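When you line the sequence shown up against the UniProt record's numbering, it's residues 1 to 134, in that order. Yeah, the Cβ is synthetic: ideal placement off N, Cα and C, and Gly gets one too. Remember, it's a predicted structure, so these values are computed and weren't measured experimentally. This report refers to the structure that appears directly beneath it.
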Amino acid sequence: MNEQPQEILPGTPAFDRMVFRLKKTPTADNIAVFDFSSQRLVRLEPQVYTMPACLTHQLQIFFLVTKTVPGDWVMAFSRATMDDQNQVTNLSAALPTGQGLNLISENNPAIANQLLRYFQTLADANYGEWKLIG
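Shown next, in the form of structure tokens:
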């Protein structure tokens, strides 16, 4: 009997365990491909990039693009702490991509939908793919 794997949908607890794995490493030549909402990835360290994903009064979430221990590049999210002048003072530990999207969806479904389209565009261009972790 062939059972089809169940699709994991945004907004579900199972989606919290999804991560967007990059098939292509960010470089100076392709960095513009990763632009979101007129923002560009900024290199913080040799293997860490960030850019705003959702900046609202209630929620400040940044993309966190990093190389993992097994050597994969992933696009995750991080919650930001900001001061009164809108300067980032701290970024949280990485949240899996799905968990970050679910969090954004709870606060701003429109931005979550934009982000889902963004990830689909990257997947269609063969820059990344969804993977289930843990």
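Asked                                                                                                                       : Found
Asn102, buried or exposed, once every other Cβ within 10 Å from all chains shown has been counted against 16                : buried
Boundaries (first-last residue) of the alpha helix (DSSP H) holding Ala110                                                  : Pro109 to Asp124
Beta strand (DSSP E) segment containing Leu55, residue limits                                                               : Val48 to Leu55
Chain-order list of residues whose beta-carbon lies under 8 Å from that of Gly11 (same chain, five-residue window excluded) : Asn102 and Ser105
Where Val88 sits in the DSSP three-state scheme                                                                             : strand
Which of helix, strand or coil DSSP assigns to Thr66                                                                        : strand
Local conformation of Glu7 per DSSP, three classes                                                                          : coil
Cβ contact check for the region 78-92 and the region 119-129: 3 or more pairs under 8 Å                                     : no
Strand pairing of Ala76, partner residues [DSSP]                                                                            : Leu64
Nearest to Ser38 (by Cα), restricted to the options Leu44, Pro52 and Val48                                                  : Pro52
Under 9 Å between C-beta atoms of Leu59 and Tyr127                                                                          : no
Cβ neighbours of Ala50 in the same chain (closer than 8 Å, five flanking residues each side left out)                       : Residue identity check: residue 50 is Thr in the sequence provided, not Ala. If we look at Thr50 and ignore the five residues flanking it on each side, its Cβ neighbours are Leu41, Val42, Leu44, Phe62, Phe63, Leu64, Val65, Ser78 and Leu91.
Per-residue burial, Thr81 [other beta carbons within 10 Å of its own, 16 or more giving buried]                             : exposed
Assigned secondary structure, Met18 (DSSP; H/G/I helix, E/B strand, else coil)                                              : strand
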